Amino acid sequence: MPEHGSPTVRRRRLGQELRRLRERADMTGDQVATRLGWSAAKISRIETARTAPRESDVEALLVIYMVDSRQRQELLALHRDATRKGWWEDYRDSLPKEYTTFLGLEAEATTARDWEPQVVPGLFQTEAYVRAMMESGQRSTLEAPGGVRSRIEVRMARQQAVLRVDNPLAISAVVEESVLLRRFGGDEVMREQLGRLIEVSELPNVELRILPLDTAHPINTGAFSHLKLPEFHDVVYLEALLGGRLVEDETIVYRYEVAFDYLETKALDVDDSRRLLEKTVRHWR
């Protein structure tokens, strides 16, 4: 089973703390770089978590910032946590960079709020549904078959990491009713998939709501996932045909949060949503 926890988040926390210490020392990135014989770009990459520093790099920075022994040990421990591998690292070569960053943030999020107007949310997909969906996408985007297999493995590993842990992620999802009627694979694939949605809707950490087709469409946007992170600002991941985009601007993230709140008011409640799922299963018999 994949390990829960995120070196991505810890790397960002380390970078933020190193920047705070530099500013407390009243030094610019250029000044620190000159002292250490580094480039200013290296300082920036470490502080923004675009690169993983070596332990010796962290130690050199802590000497310049005159950090006491206790805080030094805490930051070096954070560095060790930040350098261990997340479960998604094994698939990095086959995934867009933005998506691997999203997976790292999701691994330490407390809450995820997902809007999906086109397909079943990835965390709730069956393997057969994933395969049928991705094979359809392969025909439209000319993706190599090996890439499809790898993405199926990622989807299943992600579900293991997020849903099947002692402290699972709290998930609130709103799914458009058309998703339940959009075919991927045969009737059996769709019956199994809707059955899976009914199962996950009964999990204590999941709230699944369906937006009915006879409701006026409340927002004009594609799929997105809004993550709440402890001791870190919220982020939003926007789905796209080839990859996606991670949004961190706090004003924009807040607007997506408001949009999701509005979607929830227009969707059926969790009990009525489950009843609609049970009714729609019969459509695929």
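Following full-length UniProt numbering, the numbering of the sequence shown begins with 1 at its first residue and continues without gaps. We treat Cβ as the ideally placed atom computed from N, Cα and C, and that holds for glycine. Note that the structure is predicted; figures quoted are calculated from it, not measured.
By Cβ distance, which residues of its chain are closer than 8 Å to residue 269, with the 5 residues on each side in sequence left out?
Hits under 8 Å: 209.
Using the three-state DSSP reduction, which class does residue 234 fall into: helix, strand or coil?
Here residue 234 sits in strand by DSSP.
Nearest-angstrom Cα separation, counted from residue 67 out to residue 60
Each residue's CA atom was taken as its position, placing residue 60 and residue 67 some 11 Å apart.
Give a yes or no on contact between the stretch 74-84 and the stretch 100-117, applying the rule of three or more CB pairs nearer than 8 Å.
The stretch 100-117 and the stretch 74-84 do not touch, with fewer than three beta-carbon pairs separated by less than 8 Å.
Alpha carbon of residue 282 to alpha carbon of residue 234, nearest angstrom
Going by C-alpha positions, residue 282 is about 39 Å away from residue 234.
Straight-line CA distance for residue 51 to residue 43?
So the alpha carbons of these two residues sit roughly 10 Å apart.
Looking only at its chain, what residues have a beta carbon closer than 6 Å to the beta carbon of residue 30, apart from the 5 residues adjacent to it on each side?
The beta carbon of residue 30 sits closer than 6 Å to the beta carbons of 40 from its chain, once the five residues preceding and following it are set aside; these are given in chain order.
Residues bridged to residue 115 (per DSSP):
Residue 115 pairs with 174, 224.
Would you please state the rounded distance, in angstroms, between the beta carbons of residue 170 and residue 205? I believe it to be under 8 Å.
About 5 Å; that satisfies the 8 Å criterion.
State the CB to CB distance for the pair residue 101 and residue 246, rounded to an integer number of angstroms; the pair is presumed to be in contact (CB under 8 Å).
Their Cβ separation, rounded to whole angstroms, is 6 Å, which keeps residue 101 and residue 246 in contact under 8 Å.
So, helix, strand or coil for residue 219, using DSSP?
Correct three-state label for residue 219: coil.
Taking the beta carbon of residue 55 as the centre, do at least 16 other beta carbons fall within 10 Å, making it buried, or is it exposed?
Exposed.
Three or more C-beta pairs below 8 Å linking the stretch 224-231 and the stretch 247-260
The stretch 224-231, when compared against the stretch 247-260, does touch it at the 8 Å Cβ threshold.
If you draw a straight line from the alpha carbon of residue 124 to that of residue 174, how long is it in whole angstroms?
C-alpha separation (whole angstroms): 12 Å.
For my contact list, residue 135 and residue 148 are in at a C-beta cut-off of 8 Å; report their separation, rounded to the angstrom.
Yes, residue 135 and residue 148 are in contact; Cβ-Cβ is about 6 Å, under 8 Å.
In angstroms, rounded to a whole number, what distance separates the CA positions of residue 17 and residue 217?
If you draw a straight line from the Cα of residue 17 to the Cα of residue 217, it comes to about 43 Å.
Tell me the rounded alpha-carbon separation between residue 94 and residue 244.
As the crow flies, the alpha-carbon of residue 94 is around 14 Å from that of residue 244.
Residues in the same chain with beta-carbon distance under 6 Å from residue 88, minus the five sequence neighbours each way, listed in chain order, please.
Within the same chain, residue 88 has close Cβ partners 100, 103.
Cα-Cα, which of 129, 240, 212, 133 is closest to residue 98?
When 129, 240, 212, 133 are compared, the shortest CA-CA separation from residue 98 is found for 240.
Does the distance from the C-beta atom of residue 70 to that of residue 62 stay below 7 Å?
It is not a contact, given that the beta carbons lie outside the stated cut-off.
Starting from the Cα of residue 212, find the closest Cα among 127, 275, 65 and give me that residue.
Per the C-alpha coordinates, the member of 127, 275, 65 positioned closest to residue 212 is 275.
Cβ neighbours of residue 202 in the same chain (closer than 8 Å, five flanking residues each side left out):
Here the set comprises 274.
Please tell me whether, using a cut-off of 6 Å, the distance from the CB of residue 150 to the nearest non-hydrogen atom of the ligand FMN is below it.
This structure lacks the ligand FMN, and indeed carries no ligand of any kind.
Inter-residue spacing [alpha-carbon to alpha-carbon] between residue 252 and residue 78:
Whole-angstrom Cα-Cα distance: 30 Å.
Give the DSSP bridge partners of residue 247, in chain order.
By DSSP's assignment, residue 247 forms a beta bridge with 236.
Kindly list the residues whose CB is nearer than 7 Å to the CB of residue 133, restricted to its own chain and excluding five residues on each side of it in sequence; keep chain order.
Excluding residues up to 5 positions away in sequence, 119, 184 lie with their Cβ nearer than 7 Å to the Cβ of residue 133 in the same chain.
In whole angstroms, what separates the C-alpha of residue 371 from that of residue 106?
The question about residue 371 has no answer, for the chain in this structure spans 1 to 285.
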